[in-house]
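Data block below; observations after.
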Amino acid sequence: AYIQHTDEFVSEPLDVRDSYDVFVFYSMFHDTPTDDVPWYAGKPKTTLERLGETKQGIVLIHHALLAYPDWPMWDEIAGMKARMMRSYHPDERVRLDVSDPQHPIIKGMTSWEMIDETYVMPDAAPDNHIFLTTQHPLCMKTPGWTRQYKQARVFCFQSGHGHATYADPNFQTVLQRGIEWSTGRI
168 AYIQHTDEFV SEPLDVRDSY DVFVFYSMFH DTPTDDVPWY AGKPKTTLER LGETKQGIVL
228 IHHALLAYPD WPMWDEIAGM KARMMRSYHP DERVRLDVSD PQHPIIKGMT SWEMIDETYV
288 MPDAAPDNHI FLTTQHPLCM KTPGWTRQYK QARVFCFQSG HGHATYADPN FQTVLQRGIE
348 WSTGRI
């Protein structure tokens with residue numbers, strides 16, 4: 168893993184960016200990217216618009232689902248329209264239910280509970296492959312799904328806020344398998 172801020176990522180040369188297997192996004196940027204930045208900052212809009220042109224995986228975790236709220240391209244990547252959060256609720260005990268036990272990301276797992284920050288927001292569109300659901304009243308009902316965006320596999324997971332979540336072994340398994348799935352390894 169090579170952790171990079173998006174500003175550093177977009178200023179890398181193309182051959183370096185093309186060497187990555189997967190892009191994992193976590194940050195919640197509010198402004199739609201633009202190329203109107205100093206020359207040394209790269210071309211954020213152009214670079215991000217290249218996502219999906221290769222088979223490099225795309226992973227959107229937690230805050231990243233809400234990034235670029237006015238950018239239709241991010242709606243397409245996430246497989247959601249109107250990605251507006253109505254409210255958020257820290258430290259909620261959430262039961263996640265396996266809705267597709269054959270999906271490679273969740274195969275062999277059963278429903279579990281964990282602590283996380285939840286979002287009340289629209290659910291993933293029905294054309295996504297939803298593999299996790301919840302009935303928690305303060306959470307979107309479809310917290311885990313996959314989809315295809317152009318040539319790229321996309322894994323979206325609403326979970327992932329803090330230490331209690333990242334310490335949960337089921338969360339760790341889903342995140343690891345989601346990254347592996349997005350690269351085509353499973």
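Numbering (this note's numbering), first residue to last: 168 to 353. Glycine included, every Cβ here is placed at the ideal spot set by N, Cα and C.
In its chain, beyond the 5 residues on either side, D188, V189, F190, A319, R320, V321, F322, I346, W348, S349, T350, G351 have a beta carbon closer than 8 angstroms to the beta carbon of G224. Going by C-alpha positions, D267 is about 16 angstroms away from F338. Note that the C-beta distance between H303 and R262 is below 9 angstroms. The alpha-carbon separation between S278 and T213 amounts to approximately 40 angstroms. Under the three-state reduction of DSSP, L232 is assigned to helix. The C-beta of D203 has fewer than 16 other C-beta atoms within 10 Å across all chains shown, which makes the residue exposed. Annotation for Q343: the continuous alpha helix (DSSP H) segment containing it runs 336-349. Judged by DSSP in its simplified three-state form, V204 adopts coil rather than helix or strand.
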